[in-house]
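What follows is a single structure, written as structure tokens, with notes after it.
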Amino acid sequence: MLIAAASLFINGFGVYLTIQANIGAGPWDVLNLGLSRTLGILYGTASICVSLTILAIDVLLREPIGIAMFI
């Protein structure tokens, strides 16, 4: 669990660096960044909203939800 937490921290820091360096970002990062700028909310808040929306859609479509979805 400690390794998973460390890897999430490193990944998040990498996303932060690519956004700050203005060298481009991945599609999910661009979605979160666009939502945060459009709605005037924090990047992390936009990321959580997108994640919860996807989770809600999966539940409505009765998709199988496993541990990998939360990592």
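For the sequence shown, position 36 matches number 103 in the numbering used here, and the numbering has no gaps at all.
Glycine included, every Cβ here is placed at the ideal spot set by N, Cα and C.
Rounded separation between residue i and residue j - CA only
i	j	result
residue 73	residue 82	14 Å
residue 120	residue 76	22 Å
residue 100	residue 79	13 Å
residue 154	residue 98	Outside the modelled stretch of the chain, which goes from 68 to 138, sits residue 154, for which no answer is possible.
residue 134	residue 123	16 Å
Test item: CB-CB of residue i and residue j under 8 Å
i	j	result
residue 117	residue 102	yes
residue 108	residue 96	no
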